[in-house]
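Notes for the one structure printed next.
Chains as they are written, first to last, in our numbering: chain P, 1 to 501; chain Z, 1 to 501.
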């Protein structure tokens, strides 16, 4: 979930100054329109301690006209507030139509803190979050535009930030003992926050996660998101349901961070692949005995090497135990159903493998980029997909998701090679070349997809696929690791069960 | 929740025959249109054991063209099904566009059974139901029309039904040992079902609860609901969100069952009122000490006696401890907020009373009937209101809801009387007379409101208000009962707490 916002993005001073000037003008303009159109806007600023929530709240108040902005930092409930149901203070703080409310520490704080400190369990957290989504849905149904910004910094960055603040007398008070204690539990917090964002990033009120370590980058990004969300909403007359989809046009994505120069020499490749395949063969037999099912998902650009990787996986498997499902345009029968239906129908029986060559992620990739799906449809698909995968994983299925990444140049090279090889020509069409023109849009969609669906239950494995050998070995080896962890867990539980008997 | 469908409604054979003929033609016609418009319809038939779910399923198959109907009675999962996540079998059974699926025993059965048998607790039930609503929302978002029929019979009727079935050899097998055991737990089931319906009757997929004891009435009602839901949906092009609102035009409502002839002689009235008010005075002091807050809601037709009843409640209260909020047209400030905001803002502090003279129910009464609220808006309001009241009750607030019922004749008499009394003239306007013309629509809306919002947490008290004295005494006495129960509970808990110390 947070991998895509730990990239170290920064903004030079000069760019910041320019952008700021432009955005301030836009913010003021859009604010007039909020008034004129009688729109109620709630900007919810959440995030990790030390990520600069207060700074973003200040920014809104500095860069916009404060006359119709109300800012509320929810802290411990007051005595007044304790005398009413918990939601009362949020209701009382709601901005009337034509104005903007900026909230920090609102309805997300309590469930996250309590779960991270172990006061409640996962089920309680989920219940609390379900209530939150029902509440937010009611607000949105009632006409509120809800903009949810999540500021993220890594554990290392948090440590650095606290240290810096504590060094100066003027800022030391900003870091409490509790903050330092929470820092110790950073990993628990990260997990809980990831779950929270997954469960509450709905179509009508999605989270926008912002990389927050660099102050300038964070401020510009937050301001941009606010402008854009309001613009989009005003452009769309009183809607079916939901806020506009957030847009991320940053050309610098997580996919750029992959080191595509990694490669494997032919001999190393043979040795390692053989070893990994032998391991997979053995693990697949144990998985079958332990009734552990496996689903493998491959996504990636055309010619990224999905087919080749799949062939390396199935080679050591018993042919009766796996199915490869190649996802192309849906059949008539499939078109007559919900878009997830065609994936449900192929779920493996216990102990078996289903390998999807492209998958349900088409909804937020090709269907999004080509405009086959309405923004409302692909926006809510993130949650639908996370829910779907949650069901698979909670049922005990091993779910391995691979994104194969190649450079644009390598893709072109492979296309041309295919055209030269008679038995590969069928693989290449004009369509493929056309898609190349939209490479940036596809990349941006893929990056957002990875951010929104790399959950604590079902993370993506990003594969540097410029070198086919490197990619194939990485796929088979990591699949073995993931499968082994689960098989060992089940075997152990069974062993314990047997002992008890 | 179920009071409105335990009225003993029946259909004479002759009417049944006529209606059946008409409805069969309509069903076939609408079915063609489902095909032509490529609509996927799921009819979910739920309900109490012995209420005739199988009969309604048969009806659909008898009266409609079975070629594009698929019927699935979900029972214990098969071995095939056990090998996949629980939702798999529902996905596999989904009707493709242009056809109708009829389901019994689907995704509601398991949570209800497990809760009624105490295998899971309330929180688990709620979590399961939240998952259900997310699943249903996804289906509806994907274009499915979801029609949910709930068949209800009372405990007595269930007993009678089982007895009858067991008498004849041909039908005895229909009643299992488990059915009889479940009958013993009828009250638990009723409670769980009521909670289930409350939490899952969403704007996009509301439940229609059908009085099911009379086979003819039940069949006609079910067929009508199916025709109507599909008609409404087809009339509305691919929608924002949600199925059309169910319509209940049955002139025979729960309000007709009230015995309006009940009255109190003047002397009895004085004695009982005085006693009840003394009791209320004492209870209010104890409530204040125990920090128990109270919210009283009054709804009812114009001149039903709401003001008079309220005066009898506040007379014995300390003036510093209560507020009466009279709900008329919203102020500008209120209009700039969500419709529930004006009610949240007046919530009492701990130990205090807030009395609402008309309330949030305006959304599903006047706003519905006068067309001020869109059908989508008032349909989802039932759930929003139930959620809101759930928060009040779970916070420990005593919530007493009174519906005051008078006959049309009595209302006219009171109007005329007001016109004659100089200091009451201000109370009567042309508007009041105009509203009388819509009396049937108001009554139908009130009846549906009571059915959908009389939850296990916050039931309505229906008050026969034809005789003012009878009504006032009933209000004060029942308020005392409800308040006392809560105060005693809190005092006891505090006492236990004190002892422990």
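Ideal Cβ placement from N, Cα and C applies to all residues, glycine included.
Values in this document were obtained by computation on a predicted structure and should not be read as measured data.
Reference residue i, options the options, closest by Cα
| i | options | result |
| --- | --- | --- |
| residue 229 (chain Z) | Z:64, Z:215, Z:205 and Z:212 | Z:205 |
| residue 39 (chain P) | P:98, P:77, P:65 and P:10 | P:98 |
| residue 379 (chain Z) | P:378, P:380 and P:138 | P:138 |
| residue 84 (chain P) | Z:348, Z:479 and Z:418 | Z:348 |
| residue 182 (chain Z) | Z:144, Z:1, Z:50 and Z:215 | Z:50 |
| residue 135 (chain P) | Z:330, Z:479, Z:480 and Z:383 | Z:383 |
| residue 143 (chain P) | P:225, P:370, P:156 and P:234 | P:234 |
| residue 53 (chain Z) | Z:164, Z:344, Z:71 and Z:28 | Z:71 |
| residue 447 (chain Z) | Z:421, Z:299 and Z:322 | Z:299 |
| residue 351 (chain Z) | Z:284, Z:34, Z:19 and Z:155 | Z:284 |
| residue 432 (chain Z) | Z:418, Z:422 and Z:445 | Z:418 |
| residue 366 (chain P) | P:165, P:17, P:346 and P:329 | P:329 |
Residues that DSSP places opposite residue i in a beta bridge
| i | result |
| --- | --- |
| residue 357 (chain Z) | Z:298 and Z:326 |
| residue 176 (chain P) | Answer is none; residue 176 (chain P) lacks a bridge partner. |
| residue 103 (chain Z) | Z:44 and Z:72 |
| residue 400 (chain P) | P:296 |
| residue 340 (chain P) | Answer is none; residue 340 (chain P) lacks a bridge partner. |
| residue 150 (chain P) | P:46 and P:209 |
| residue 405 (chain Z) | Z:464 |
| residue 457 (chain Z) | DSSP, once it has assigned bridges, lists no residue as partnering residue 457 (chain Z). |
| residue 144 (chain P) | P:40 |
Under 8 Å between C-beta atoms of residue i and residue j
| i | j | result |
| --- | --- | --- |
| residue 391 (chain Z) | residue 212 (chain P) | no |
| residue 255 (chain Z) | residue 210 (chain Z) | no |
| residue 376 (chain Z) | residue 118 (chain Z) | no |
| residue 46 (chain P) | residue 74 (chain P) | no |
| residue 292 (chain Z) | residue 355 (chain Z) | no |
| residue 443 (chain Z) | residue 406 (chain Z) | no |
| residue 262 (chain Z) | residue 410 (chain Z) | no |
| residue 404 (chain P) | residue 306 (chain P) | yes |
| residue 504 (chain P) | residue 43 (chain P) | Because chain P in this structure spans residues 1 to 501, residue 504 (chain P) falls outside the shown range and cannot be described. |
| residue 207 (chain Z) | residue 456 (chain Z) | no |
| residue 65 (chain Z) | residue 28 (chain Z) | yes |
| residue 395 (chain Z) | residue 303 (chain Z) | no |
| residue 385 (chain Z) | residue 358 (chain Z) | no |
| residue 175 (chain Z) | residue 162 (chain Z) | yes |
Burial state of residue i (16 or more Cβ within 10 Å)
| i | result |
| --- | --- |
| residue 372 (chain Z) | exposed |
| residue 468 (chain Z) | buried |
| residue 245 (chain P) | For residue 245 (chain P), the pLDDT reaches just 43, beneath the cut-off of 50, and the residue's location in the model is therefore unreliable, leaving the point undetermined. |
| residue 238 (chain Z) | Caution is warranted here: a pLDDT of 43 is assigned to residue 238 (chain Z), below 50, making its placement in the model unreliable, and the coordinate value is therefore given only provisionally. Exposed: under 16 other Cβ atoms inside 10 Å. |
| residue 402 (chain P) | buried |
| residue 338 (chain P) | buried |
| residue 270 (chain P) | exposed |
| residue 243 (chain Z) | Confidence at residue 243 (chain Z) is low in this model, with a pLDDT of 40, below 50, so the placement of that residue should be treated as unreliable; the coordinate-derived value is given next. Buried. |
| residue 187 (chain Z) | exposed |
| residue 1 (chain Z) | buried |
| residue 493 (chain P) | exposed |
| residue 180 (chain Z) | exposed |
| residue 178 (chain Z) | exposed |
| residue 61 (chain Z) | exposed |
| residue 268 (chain Z) | exposed |
| residue 107 (chain P) | buried |
| residue 451 (chain Z) | buried |
| residue 76 (chain Z) | exposed |
| residue 4 (chain Z) | buried |
| residue 266 (chain P) | exposed |
Within-8 Å CB hit, residue i to chain B
| i | result |
| --- | --- |
| residue 1 (chain Z) | No chain B appears in the structure shown, which is made up of the protein chains P and Z. |
(Q) Does the contact criterion of 3 or more C-beta pairs under 8 Å hold for the segment 274-285 of chain Z versus the segment 303-323 of chain Z? (A) As far as the Cβ criterion goes, the segment 274-285 of chain Z touches the segment 303-323 of chain Z, which means the pair count is three or higher.
Q: Report yes or no: do the segment 420-432 of chain Z and the segment 463-475 of chain P share at least 3 C-beta pairs separated by less than 8 Å?
A: No, they do not touch.
**Q.** Validate contact between the segment 126-133 of chain P and the segment 88-95 of chain P using beta carbons, cut 8 Å, 3 pairs
**A.** Contact check between the segment 126-133 of chain P and the segment 88-95 of chain P: fewer than three CB pairs, one atom from each, fall below 8 Å, which does not count as touching.
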